[in-house]
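Worksheet: one structure, shown below.
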Amino acid sequence: MTVKAEIHTINGFSAHADRDDLLAWATNFATSPLFLITHGEPESSLAFSNTLEKAGMKSVVPSPGQEIQLEPNGAAKAVKFPEHPVLLRGEALPSVLTEILTLASGLRESVPAEGDEDILPLLQSTKVLLETARGKLSAKKA
Numbered sequence: 001m002t003v004k005a006e007i008h009t010i011n012g013f014s015a016h017a018d019r020d021d022l023l024a025w026a027t028n029f030a031t032s033p034l035f036l037i038t039h040g041e042p043e044s045s046l047a048f049s050n051t052l053e054k055a056g057m058k059s060v061v062p063s064p065g066q067e068i069q070l071e072p073n074g075a076a077k078a079v080k081f082p083e084h085p086v087l088l089r090g091e092a093l094p095s096v097l098t099e100i101l102t103l104a105s106g107l108r109e110s111v112p113a114e115g116d117e118d119i120l121p122l123l124q125s126t127k128v129l130l131e132t133a134r135g136k137l138s139a140k141k142a
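Structure below.
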C-alpha cells in the first residue's frame, strides 16, 4: 500500500498563546485538511480544536489509543473506540488506577480452570509494571 500523506509539524507554537497565528496559518490551505491536535494541555487542545471547527475546518484531538482512518482527498474518519474523558493534570493517575482495579476484578472472576498459558505472561508483565510504578511513586514521596 502506498501512503501519500503530508504530515506537518509546527514547532515553537503554543495552541493557547498563539491561537490567532495558528488559525491564520490553517486558513491558508487550498484543500480542506483534517487537523490533528496532538500537543498541549487538554483544555488548550480542545479549545483550539473548537476554534478550528467554528471557522469551518475539520479537527480532532485524538485520545490515547484512538486510530484515525485516512481516506483519499483529505477525508478521514475516526475509528470508534470507547470514549476516554479528557483528564486534567492530577486526575489521570487516580482514574487509570480505578480502571486497572476494575479490569483486574473482572479478570479474577473469569479465570479459566486451565488453558491460561498465553495469559499468565501478560499478567506477570503487568505486575512488574505496577511494581515499577509503585517504586517511582514512593521515590517521589520521599
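For the sequence shown, the UniProt record's numbering assigns the number 142 to the last residue and increments by one with no breaks.
C-beta: ideal position from N, C-alpha, C; glycine also.
Keep in mind it's a predicted model, so treat the numbers as computed, not measured.
Next item on the list: Use the C-beta contact count for Leu-22: other C-beta atoms within 10 angstroms, 16 or more gives buried, fewer gives exposed.
Entry: On the sequence shown, residue 22 is found 22 positions in, with the first residue counted as 1. Leu-22 should be labelled buried.
Checklist line | Ser-32 versus Leu-97: straight-line alpha-carbon distance, rounded | finding: The residue given as residue 32 occupies position 32 in the sequence shown. The residue given as residue 97 occupies position 97 in the sequence shown. Going by the C-alpha atoms only, they are around 40 Å apart.
Check: Hey, how far is the Cα of Glu-71 from the Cα of Asp-20?
Finding: As a first step, residue 71 must be located in the sequence shown, where it is residue number 71. As a first step, residue 20 must be located in the sequence shown, where it is residue number 20. Straight-line Cα distance between these residues: approximately 29 Å.
Check: Looking at Ser-59 and Ser-49, is the spacing between their C-beta atoms short of 8 Å?
Finding: In the sequence shown, residue 49 corresponds to position 49, counting from 1. In the sequence shown, residue 59 corresponds to position 59, counting from 1. Yes, Cβ-Cβ distance for Ser-49 and Ser-59 is below 8 Å.
Next item on the list: Pull up the DSSP beta-bridge partners for Val-60, would you.
Entry: In the sequence shown, residue 60 corresponds to position 60, counting from 1. For Val-60, which the question treats as bridged, DSSP gives the partners Leu-36.
Notebook entry, point to check: Three-state secondary structure (DSSP) at Ile-68?
Noted result: For the purposes of this step, residue 68 is identified with residue 68 of the sequence shown, where counting begins at 1. Looking at Ile-68 - three-state DSSP - the assignment turns out to be strand.
Next item on the list: Measuring alpha carbon to alpha carbon, tell me which of Ala-47, Leu-36 and Gly-56 ends up nearest Thr-27.
Entry: Looking up residue 27 in the sequence shown gives position 27. Ranking the options by Cα distance to Thr-27, first place goes to Gly-56.
Check: If we ignore side chains and look at the alpha-carbon of each, how far apart do residue 149 and Leu-103 end up?
Finding: Coverage of the chain is limited to positions 1 through 142, which leaves residue 149 absent and any answer about it impossible.
Next item on the list: Measure the C-alpha to C-alpha separation of Trp-25 and Gln-69 and round it to an integer number of angstroms.
Entry: Position 25 of the sequence shown, counting from 1, holds the residue named residue 25. Position 69 of the sequence shown, counting from 1, holds the residue named residue 69. Spanning the two alpha carbons is a distance of roughly 24 Å.
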